[in-house]
Structures are given as C-alpha cells and as structure tokens.
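Here the structure is laid out as structure tokens; the discussion comes afterwards.
This is the structure in structure tokens:
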C-alpha cells in the first residue's frame, strides 16, 4: 500500500475514525441501475473528500477501500486485493499473497498459457484459438476452458508456459481449466503478475480483447453500468457459491493503465453483495487523483 507522509499520519487517523460516522450508503448502491439489476445496497462509509475535490487522494485510498472490505457485512470474509500501476507501483494491497479460491479467474492462466504455446490461427474443433480464447474469457465458457487446458497439455503445461513469463508457479494451484473446482487456489499477486506480463507478451491483443468490458460486454455487461467505470474496466469475473473475483485492467485518466486483482471468499454471504462490494472498490479506484 502507499506510504503515508509523516505529516499526514495524524490526519489519516482522524479520517479513519470519522469513517464510522459517515453516510452509510455508497453512490453506486443507491443508483437506480444497481437497484434494477438486483444488487442489494451495501452500507459502506467513505472518507470525506478533500475540500473542493471530489476525488480521493492517494493517502486516503487505503482507508476508502478498507472501509468497504471491513464492513460488518464482510466480517467473516477472506479478502485478497492487489492494485498496481502498469510500472509496478503498488496503490493498495491486502492479503495479496493469500491463497483463495479464484473461481473463473483461473481461466486467465489457461488462456494466457495457450497464447504462449499456440499460433492464434490454430484450429481447435474447427474454431481458431483466437475465437476460443475470446469465448473462454468473455463468456466465461467452462467447457471451452477445460477443452483448451487438455489441448495444451494440462496444468503442467500452464506452469511451464507462465514460468517463461516470469510467473511464480508456487503462487497458484490449478486442477482444471475453468475454475469450477474448489481445489483451485491462487493469490492476487499471481493474477496481477499475469496481467502485467500479458500487457506486452505474445498474444496480448487477443487476450485483452477477450476480457469483458464493464457495462458493455460479456459477464460484465450488467455491472458498473452508468458509472465512471463503464467502458474503462476490462476484467475477468469469477463466481462460485461464496466466491467472487475480478481481475483485470482499468484505464485511469490520471495514472494510466492500472492492474488489479480482487478475490473474496465468504460462504455465508450472497453473491450479489460480494459483487457489489467489489464494484464499490472499483468505483473508489476511479476517484483516485493526484493531490
């Protein structure tokens, strides 16, 4: 997480104390589009903005995001979050090396490895690898993902391919291509490392094209619609009972491309609330501004 200047430490403490007294509804939870989509409003207090500034200064990003994940609704949740700039500057971290069930985020590993091993025009059951990857990630097609994993040689082939991109194989455990198995496990650091590597690796255009766009396409078409994140977030969703994940990129006007991975495991909480909390984190990130 960002280091707070010594002169701001006492001010940050005051802001953190004030969080509990803030208005307990986020703007996104109150928006008509969220209410129509079935998401429950989540009481998430936020730090007050700087005077005359609707954004969030870097020093206040940590309490702003922590206010979401530490809400009483998620007291039993296991969160892992890592947010970086494209050049590797950490903006927020929380249990970034903790192993969590990643659900369909495991497809990021499968498709990234496939693009390192195969030509995009390779045919798989009469469909090009390019289209196979797009269908796997954008529609989160489990059958496509599992067939693709078998086609490239299984989990060991993924490890070998991703190791060439500098990905630590000890940061994840993969047993299928789709993420349906709860025996899969990974850390937010692993996904951020893959996202960082695939920003410039072989097959980067196909891989990035395959990711759903917030409020526009794929499994993100009904999320973050009519918000500052619409059209600016390209990310892979993940869903199992008690599991939600979102890992991808944000096109930030002040900081350029941001890379993030957010994983949460909480069996006693609804998927709608978990997804709403992840979206609340994303919206706070859109408000980040240099100050």
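Residue numbers (our numbering): 15 to 305.
Even glycine gets a Cβ: it sits at the ideal position worked out from N, Cα and C.
All values derive from a computational prediction rather than experimental measurement.
Quick one, are the C-beta atoms of residue 82 and residue 298 less than 9 angstroms apart?
Counted from its first residue, the chain shown places residue 82 at position 68. Counted from its first residue, the chain shown places residue 298 at position 284. Taking 9 angstroms as the Cβ cut-off, residue 82 and residue 298 qualify as a contacting pair.
Which stretch, first to last residue, makes up the beta strand (DSSP E) that contains residue 98?
Working through the chain shown from its first residue, we reach residue 98 at position 84. Element bounds for residue 98: 92-99.
Spatial distance of residue 98 from residue 119 (CA atoms):
Within the chain shown, numbered from 1, the residue matching residue 98 stands at position 84. Within the chain shown, numbered from 1, the residue matching residue 119 stands at position 105. About 18 angstroms.
Unbroken stretches of the beta strand (DSSP E), 3 residues or longer, contained in the region 214-276
247-254, 257-266
For residue 162, three-class secondary structure by DSSP:
Counting from 1 along the chain shown, the entry for residue 162 is found at position 148. Residue 162: helix per DSSP, three-state reduction.
Where residue 290 falls, given that 16 or more other Cβ within 10 Å makes a residue buried
Position 276 of the chain shown holds residue 290. Label assigned to residue 290: buried.
Could you check what DSSP says for residue 61 in three-state terms: helix, strand or coil?
Position 47 of the chain shown holds residue 61. Because residue 61 sits at a pLDDT of 41, beneath the cut-off of 50, its placement in the model cannot be relied upon, and the following sentence gives the value as read from the coordinates. Residue 61: coil per DSSP, three-state reduction.
Excluding the 5 residues flanking residue 68 on each side, which residues of the same chain have their C-beta closer than 8 angstroms to its C-beta?
Mapped onto the chain shown, residue 68 falls at position 54. 301, listed in sequence order.
Could you tell me if residue 177 is buried or exposed, where buried requires 16 or more neighbouring beta carbons within 10 angstroms of its beta carbon?
As a working mapping, residue 177 is identified with position 163 in the chain shown. Counting Cβ neighbours within 10 Å, residue 177 comes out exposed, since fewer than 16 surround it.
How about residue 138 and residue 274: do their beta carbons lie closer than 9 angstroms?
Locating residue 138 in the chain shown gives position 124, where the first residue counts as 1. Locating residue 274 in the chain shown gives position 260, where the first residue counts as 1. Taking the C-beta atoms as reference points, residue 274 is found no nearer than 9 angstroms to residue 138.
For residue 104, write down the residues that DSSP places opposite it in a beta bridge.
Numbered from 1 along the chain shown, position 90 holds the residue referred to as residue 104. Bridge partners of residue 104: 98.
Check whether residue 169 and residue 261 have beta carbons under 9 angstroms apart
By one-based count along the chain shown, residue 169 stands at place 155. By one-based count along the chain shown, residue 261 stands at place 247. Against a cut-off of 9 angstroms, the Cβ pair of residue 261 and residue 169 comes out as no contact.
Going along the chain, which unbroken runs of the alpha helix (DSSP H) with 4 or more residues stay wholly within the region 144-193?
156-166, 169-177
Got a sec? Which residues, its chain only, sit under 6 angstroms from residue 303 by beta carbon, not counting five neighbours each side?
Start at 1 with the first residue of the chain shown, and residue 303 comes out as number 289. Within the same chain, 69, 268 come within 6 angstroms of residue 303 by CB-CB distance, once the 5 residues on both sides are set aside.
Outcome for residue 125 when other beta-carbon atoms lying within 10 angstroms are tallied against a minimum of 16:
In the chain shown, the residue the question calls residue 125 occupies position 111. By the C-beta density criterion, residue 125 is buried, having at least 16 other C-beta atoms within 10 angstroms.
When burial is assigned at 16 or more other CB atoms within 10 Å of the CB, is residue 141 buried or exposed?
Within the chain shown, numbered from 1, the residue matching residue 141 stands at position 127. So residue 141 ends up on the exposed side.
Kindly indicate which three-state DSSP category residue 308 falls into: helix, strand or coil?
No answer is possible for residue 308: the residues shown for the chain start at 15 and end at 305.
Could you tell me if residue 255 is buried or exposed, where buried requires 16 or more neighbouring beta carbons within 10 angstroms of its beta carbon?
By 1-based counting over the chain shown, the position of residue 255 is 241. Exposed, since its Cβ has fewer than 16 Cβ neighbours within 10 Å.
DSSP on residue 141, reduced to helix/strand/coil?
Locating residue 141 in the chain shown gives position 127, counting from the first residue. Residue state, collapsed to three classes: strand.
Which class does residue 132 belong to by DSSP, given the choice of helix, strand or coil?
In the chain shown, residue 132 corresponds to position 118, counting from 1. Coil at residue 132, not helix or strand.
In terms of residues, what are the limits of the alpha helix (DSSP H) holding residue 76?
Reading the chain shown from its first residue, position 62 is the one you call residue 76. Its alpha helix (DSSP H) spans residues 72-83.
Inter-stretch contact at 8 angstroms, needing at least 3 Cβ pairs: the region 158-165 / the region 239-250
The region 158-165, when compared against the region 239-250, does not touch it at the 8 angstroms Cβ threshold.
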